[in-house]
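Residue numbers (the working numbering), protein chains in the order written: chain X, 998 to 1224; chain H, 51 to 392. Data block below; observations after.
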Amino acid sequence: MWVTDLISLFQENMPMLTEETVNTLYMTFVSSFFAYIFALPLGVALVVTREDGLHPMGSLYRILDIVVNIGRSVPFLILLVAIQPLTKLIVGKSYGSTATIVPLVVAATPFIARLIESSLQEVDHGVIEAAQSMGASLFTIIFKVLIPEARTSLMVGATIAIGTILGYSAMAGFAGGGGLGDIAVRYGYYRYEGEIMLITIILMVVLVQLIQAIGMKIARKTDKRVI
Amino acid sequence: METTPFIQIKDLQKEFISQNNTVTALSGINLNIDKGSIFGIIGMSGAGKSTLVRCINFLERPTSGTVIIGDKDLSKLNDRELRHVRQNIGMIFQQFNLLMQRNVEDNICFPLEIAGYSKKEGRKRAAELLEIVGLIDKKKAYPSQLSGGQKQRVAIARALATNPQLLLCDEATSALDPTTTRSILALLKDINKQFGITIIIITHEMSVVEEICDYVAIIDDGKLAESGSVEDVFSNPKTEAAKRLVYHSNTTSNTPIEMKGKRCIRIVFDGKSSFEPIIANMVLDNKALVNILYADTKDIKGKAYGHMVLQLPENEVQADKIINYLRNKNVNVEELIDYVGN
């Protein structure tokens, strides 16, 4: 039986699969974390400095807008190779899971900034105006109105972002990036062992499903706009 | 001896400049508003009244002219000073503008957080305010769980949190039904009496001004058409804009037309006509009024069954025309003898 073969193959390779699943999750979550650290101020700046924003700064907005677009337009695999010197500078080597975090952060930051921008843009202008009428400062409006009011949309965005970063991390397998993608490339692409590749694909699908389900559940739980 | 008014709006002008044109939203507005009064600003939609109220707390910075509140000339303040002044001006809105992700209590605490009160002080004040607006049992509810009227009560509580001297209401009752509107207006009046807070009400509804305002200003096409006490302006409107507002809104409520006809008919709907507004069409097509004396319809599986008693016009020709009209529509018509007396 093909399925039982697959299961026994899975059991044989359990240690490796477990290790690389952990590596995938490690790359995904650490990258997401750092990407958010950079993307949050960037996304906020995009919303605040635009022409109809809370603190219009036309030229800064245009610069940020262009930078984000450039970041978004470079394909991940090319970016991964192109910034290898930077990766080496930061991590000390250009292969392995930790090294992959650098290009993942670089690639995900502009993408997440756009997600954050669109989430914050959804906040009702009337609520912002109400805060202004109470004498709230820009800082207060950002941290007490914009971000908390957009939290559901931000959570949904984070779920999408983490899923995408997980996909990117698998791509890094082509450049010795570690994780499940690495197994898929080594076994499926170089050694024509399709079954192992299939197992990694199944694992990735399960991971993405889990992330999606948990993310959406948190988003719904924290949303007070619906009863 | 003349005292200086609490709020002085002087030569206010507001232009919106976009790439290729300039729109003058307000020009030459001069108004004095006394402390403790309820001041209505009324105008058609697009007249500039919402812009005017935003100029009073400088949410919109006027292009020229100034606003003086108490002893502070807002046009001379920097951003930080302006924010400080705004902390002492409450504002409520048509769409309530509550923070949807905060519960009622935390919404009321929000202006207090901005003004730098401690959490404990905030909670205490929130409880007092919820008592005033009659929503103490909704303390932990979220705005999405409240009705429109309740949301506006929360918004009022929030606007009063910092004990402001002035409350701005921007179409605060326009999204509410008539009963709720009256209760919100009663609450505002109560607050005005209890705390002596000056209230400025922006509205397009005459009834709001009539119900609670002491003074009224009529804004038309970005200009101040007329202002004065509500009695003076409404009983003797001088400008075109004022007349348009005052008389237009009265034509619907004044002097009902008296029906004198003695002929009555009972019509029975057989179920086919529930989607067609027969009576309305009949009135429009025949240009004759009928009086509905009795009506009882039941909706059974989407069809209207039941009957209605109509009093026909005195004019015999018109009355016959109506009967024929209804028969042509396949409505069962039966003439009633002596249904109305004398």
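Every residue gets a Cβ at the ideal spot worked out from N, C-alpha and C, and that includes glycine.
Across which residues does DSSP place Leu402/H in a beta bridge pair? Outside the shown range of chain H, which is 51 to 392, sits residue 402/H, and nothing can be said about it.
Using 9 Å as the threshold, is the C-beta distance between Gly1176/X and Thr1097/X below it? Reading the first sequence from its first residue, position 179 is the one you call residue 1176/X. Reading the first sequence from its first residue, position 100 is the one you call residue 1097/X. Cβ atoms of Gly1176/X and Thr1097/X: closer than 9 Å.
Under 9 Å between the Cβ atoms of Val259/H and Gly278/H? As a first step, residue 259/H must be located in the second sequence, where it is residue number 209. As a first step, residue 278/H must be located in the second sequence, where it is residue number 228. Cβ atoms of Val259/H and Gly278/H: not closer than 9 Å.
Beta-carbon proximity list for Ser95/H, same chain, < 8 Å, skipping 5 on both sides: Residue numbering aside, residue 95/H sits at position 45 when the second sequence is read from its first letter. Here the set comprises His254.
Hey, how far is the Cα of Lys371/H from the Cα of Asp346/H? Here residue 371/H is taken as the residue at index 321 of the second sequence, counted from 1. Here residue 346/H is taken as the residue at index 296 of the second sequence, counted from 1. Going from the Cα of Lys371/H to the Cα of Asp346/H covers about 24 Å.
Specify the secondary structure class of Gln63/H as computed by DSSP and reduced to three states. By one-based count along the second sequence, residue 63/H stands at place 13. It is a strand residue.
What residues in the region 218-252 of chain H have a beta carbon less than 8 Å from any beta carbon of chain X? Leu218
Minimum C-alpha distance to Glu1119/X - residue among Arg1059/X, Gly1154/X, Ser1130/X and Pro1107/X: Within the first sequence, the letter at position 122 stands for residue 1119/X. When the alpha-carbon of Glu1119/X is set against those of Arg1059/X, Gly1154/X, Ser1130/X and Pro1107/X, the nearest one is in Gly1154/X.
So, for Asn374/H: in the same chain, excluding its five sequence neighbours on each side, which residues have a beta-carbon less than 6 Å away from its beta-carbon? Locating residue 374/H in the second sequence gives position 324, counting from the first residue. Excluding sequence neighbours, Asn374/H sits near nothing in its chain.
Extract the residue ranges of the alpha helix (DSSP H) inside the region 78-140 of chain H, only unbroken runs of 4 or more that lie entirely within it. 99-106 and 129-136
List the residues of chain H that Gly1046/X touches, going by C-beta distances under 7 Å, in chain order. Position 49 of the first sequence, counting from 1, holds the residue named residue 1046/X. The displayed chain sequence assigns Thr, not Gly, to residue 1046/X. Simply none; closest approach about 17 Å.
Beta-carbon proximity list for Asp271/H, same chain, < 7 Å, skipping 5 on both sides: Translated into positions along the second sequence, residue 271/H becomes position 221. Closer than 7 Å at the Cβ level, and outside the excluded window around Asp271/H, lie Ala97.
Please list, in chain order, all residues of the same chain as Ser303/H whose beta carbon is under 7 Å from its beta carbon, the five residues on each side excluded. What you label residue 303/H is simply residue 253 of the second sequence in a count that begins at 1. Note that Ser303/H scores a pLDDT of 44, beneath 50, so its modelled location is shaky; the value from the coordinates is reported in the next line. Taken in chain order, the list of residues that qualify is empty.
Quick one: which chain H residues come within Cβ less than 7 Å of Pro1145/X? As a working note, residue 1145/X is residue 148 in the first sequence. The answer, in chain order, is Gln151.
For Thr53/H, report the span of its beta strand (DSSP E) as first-last. Within the second sequence, numbered from 1, the residue matching residue 53/H stands at position 3. Looking at the DSSP string, Thr53/H is not in any beta strand (DSSP E), and its letter there is neither H nor E.
Three-state secondary structure assigned by DSSP to Cys159/H: Taking the second sequence and counting its residues from 1, one reaches residue 159/H at position 109. In this structure, Cys159/H counts as helix in the three-state DSSP scheme.
Which residues of the region 157-188 of chain H have a Cβ closer than 8 Å to any Cβ of chain X? Give them in chain order. Phe160, Pro161, Glu163, Ile164 and Ala165
Taking only beta-carbon positions, decide if Arg1217/X is within less than 9 Å of chain H. By 1-based counting over the first sequence, the position of residue 1217/X is 220. With 9 Å as the cut-off, Arg1217/X does not count as an interface residue toward chain H.
For chain H, find out if any of its Cβ atoms is closer than 9 Å to the Cβ of Gly1212/X; answer yes or no. Mapped onto the first sequence, residue 1212/X falls at position 215. Taking 9 Å as the threshold, the shortest C-beta distance from Gly1212/X to chain H does not fall below it.
When we look at the beta-carbon of Leu1086/X and count the other beta-carbons within 10 Å, is it buried (16 or more) or exposed? In the first sequence, residue 1086/X corresponds to position 89, counting from 1. Exposed is the call here.
Take the Cβ of Pro1038/X as the centre, count every other Cβ of all protein chains shown within 10 Å, and call the residue buried at 16 or more, exposed below. Your numbering for residue 1038/X matches position 41 in the first sequence. Result: exposed.
List the residues that DSSP assigns as beta-bridge partners of Arg1188/X. Here residue 1188/X refers to the residue found at position 191 when the first sequence is read from its first residue. Arg1188/X pairs with nothing; no bridge assigned.
Tell me where the beta strand (DSSP E) around Leu180/H begins and ends. Locating residue 180/H in the second sequence gives position 130, where the first residue counts as 1. Taken as a continuous stretch (DSSP letters only), Leu180/H belongs to no beta strand (DSSP E), being part of the alpha helix (DSSP H) at Lys169 to Val183.
Buried or exposed (CB count within 10 angstroms, at least 16 for buried), Arg136/H: Taking the second sequence and counting its residues from 1, one reaches residue 136/H at position 86. It is buried - the Cβ of Arg136/H has at least 16 other Cβ atoms within 10 Å.
Verify the CB distance criterion: does Asp1220/X have a CB-CB separation below 9 Å to chain H? The residue given as residue 1220/X occupies position 223 in the first sequence. Flagged as an interface residue toward chain H: Asp1220/X, by a C-beta distance shorter than 9 Å.
Contact list for Arg133/H against chain X, beta-carbon separation under 8 Å: Stepping through the second sequence from its first residue, residue 133/H is reached at position 83. Within 8 Å Cβ-Cβ: Gly1132, Ala1133 and Ser1134.
Can you name, in chain order, every residue of its own chain whose Cβ lies under 6 Å from the Cβ of Leu124/H, other than the five neighbours on each side? Position 74 of the second sequence, counted from the first residue, corresponds to residue 124/H. Within the same chain, Leu124/H has close Cβ partners Phe108 and Val117.
Can you name the residues of chain X whose CB is closer than 9 Å to the CB of Arg136/H? Position 86 of the second sequence, counted from the start, is the residue given in the question as residue 136/H. Correct list: Gln1129, Ser1130, Met1131, Gly1132 and Ala1133.
Tell me Ala345/H's beta-bridge partners as DSSP assigns them. Numbered from its first residue, the second sequence carries residue 345/H at position 295. In the DSSP output, where bridge partners are listed per residue, Ala345/H has Met358/H.
State the beta-bridge partners of Ser279/H as determined by DSSP. Here residue 279/H is taken as the residue at index 229 of the second sequence, counted from 1. In DSSP, Ser279/H forms a bridge with Tyr265/H.
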